[in-house]
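Take any residue in the sequence shown, note its place counting from 1, add 245, and you have its number in my numbering. Contents: one structure, followed by commentary.
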Amino acid sequence: MLFLEEDEDLEILPFADRAEAGLMLAGKLAAYSGRHDVIVLGLPRGGVPVAVAVASALKLPFDVFVVTKLGTLWQQELAMGALAEGGVQVLDLSLAKLLAISEPEIQEVAAAGCKELESHVISYRGGRPPLDLKGRTVILVDDGIATGCSILAAIVATRRKGAARVVVAVPVAPAAGCSAIQMEADEFVSVEQPEMFLSVSQWYSDFAQVSADEVQRLLQKAETSVPRAA
């Protein structure tokens, strides 16, 4: 459990798991329930179970929107950028400069990221054609925001695909540090925005890694329980 200062009696409960977080997030998105012009897109891998819960609760079409982080050569979990479907690349230039990452190193990581992205698109989408987002309101869902690179790449990519409105929805995000996302998205929705934010995982009792197989299983399950995007 997470607590505030010792002299405060308010207990902050983390989400049990991503599915519960998705249901709580759906409550914040009730205004979009049942609308024919809205589609929910989950960012793999952790955002997919959250998005499935949101889409199911709101009776909205659901699909995966593939993004992949660009980690540094020496620490893959430290994201210096992200790639998204449609050839979109977002880089944290200030971080790259701070870490003295050279242009050739960036190109090497980006090339590997492109191959990974293409592989995941084939794997997750299963041969289905690209999404038609023209004129739609898109709700981009992830399990939380740390650096924000993946979400920013997805915002740019969905706009290029013709989305009329982009809503970013996450269970938890830091109170500070999301200004770029709030500027780029038409709407930003979260269940929790704590002042003291160390990591996304601290807000979940169960934050087990979501495997590629689990993403595929959830997508297959959604075929029968959640309307698919046209």
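Cβ coordinates follow ideal geometry from the N, Cα and C atoms, glycine included. Given the structure is predicted, the values throughout are model-derived calculations rather than measurements.
S435 - containing beta strand (DSSP E), residue span: Taking the sequence shown and counting its residues from 1, the one referred to as residue 435 is at position 190. Start and end: 432 to 437.
Check whether A414 and K314 have beta carbons under 9 Å apart: Position 169 of the sequence shown, counting from 1, holds the residue named residue 414. Position 69 of the sequence shown, counting from 1, holds the residue named residue 314. No. Outside cutoff.
The region 384 to 394 / the region 345 to 358 touching (three or more Cβ pairs under 8 Å): no
Where R370 sits in the DSSP three-state scheme: As a first step, residue 370 must be located in the sequence shown, where it is residue number 125. Three-state result, R370: helix.
Rounded straight-line distance, which links the Cα of P306 to that of E256: As a first step, residue 256 must be located in the sequence shown, where it is residue number 11. As a first step, residue 306 must be located in the sequence shown, where it is residue number 61. Residue placement at E256 cannot be trusted, given a pLDDT of 48 that sits under 50; what the coordinates show is reported in the next sentence. Cα-Cα distance, rounded: 35 Å.
Residues that DSSP places opposite L315 in a beta bridge: Looking up residue 315 in the sequence shown gives position 70. In DSSP, L315 forms a bridge with G326.
R381 - DSSP class collapsed to helix/strand/coil: As a working note, residue 381 is residue 136 in the sequence shown. The answer is coil: DSSP assigns R381 none of H, G, I, E or B.
Endpoints, beta strand (DSSP E) assigned at D308: For the purposes of this step, residue 308 is taken as the residue at position 63 of the sequence shown. Counting along the chain, the beta strand (DSSP E) containing D308 begins and ends at 307 to 309.
With 16 other Cβ atoms within 10 Å as the buried cut-off, status of E440: By one-based count along the sequence shown, residue 440 stands at place 195. E440 should be labelled exposed.
Coil, strand or helix - P476 by DSSP: There is no way to answer for residue 476, as the model of the chain reaches only from 246 to 475.
Pairwise C-alpha distance: L270 and P416: Within the sequence shown, numbered from 1, the residue matching residue 416 stands at position 171. Within the sequence shown, numbered from 1, the residue matching residue 270 stands at position 25. Computed Cα separation, rounded: 6 Å.
V285, enclosing beta strand (DSSP E) - first and last residue: Residue mapping note: residue 285 aligns to position 40 of the sequence shown, counting from 1. Start and end: 283 to 287.
Inter-residue Cα distance where the pair is E250 and Q447: Sequence index remark: in the sequence shown, residue 250 carries index 5 (1-based). Sequence index remark: in the sequence shown, residue 447 carries index 202 (1-based). Caution is warranted here: a pLDDT of 37 is assigned to E250, below 50, making its placement in the model unreliable, and the coordinate value is therefore given only provisionally. Going by the C-alpha atoms only, they are around 17 Å apart.
For Y449: DSSP bridge partner residues: Locating residue 449 in the sequence shown gives position 204, counting from the first residue. F260, per the DSSP bridge assignment.
V299: first and last residue of the uninterrupted alpha helix (DSSP H) it sits in: In the sequence shown, the residue the question calls residue 299 occupies position 54. Per DSSP, V299 belongs to the alpha helix (DSSP H) from 292 to 303.
Among A302, G332, V383, E348, the one whose alpha carbon lies nearest that of V309: Locating residue 309 in the sequence shown gives position 64, where the first residue counts as 1. It is V383.
Any 3 or more C-beta pairs closer than 8 Å across the region 398 to 411 and the region 366 to 383: yes
Coil, strand or helix - Q320 by DSSP: As a position in the sequence shown, residue 320 is number 75, starting the count at 1. Correct three-state label for Q320: coil.
Residues bridged to Q334 [DSSP beta-bridge criterion]: Here the question's residue 334 lines up with position 89 in the sequence shown. Answer is L328, bridged to Q334.
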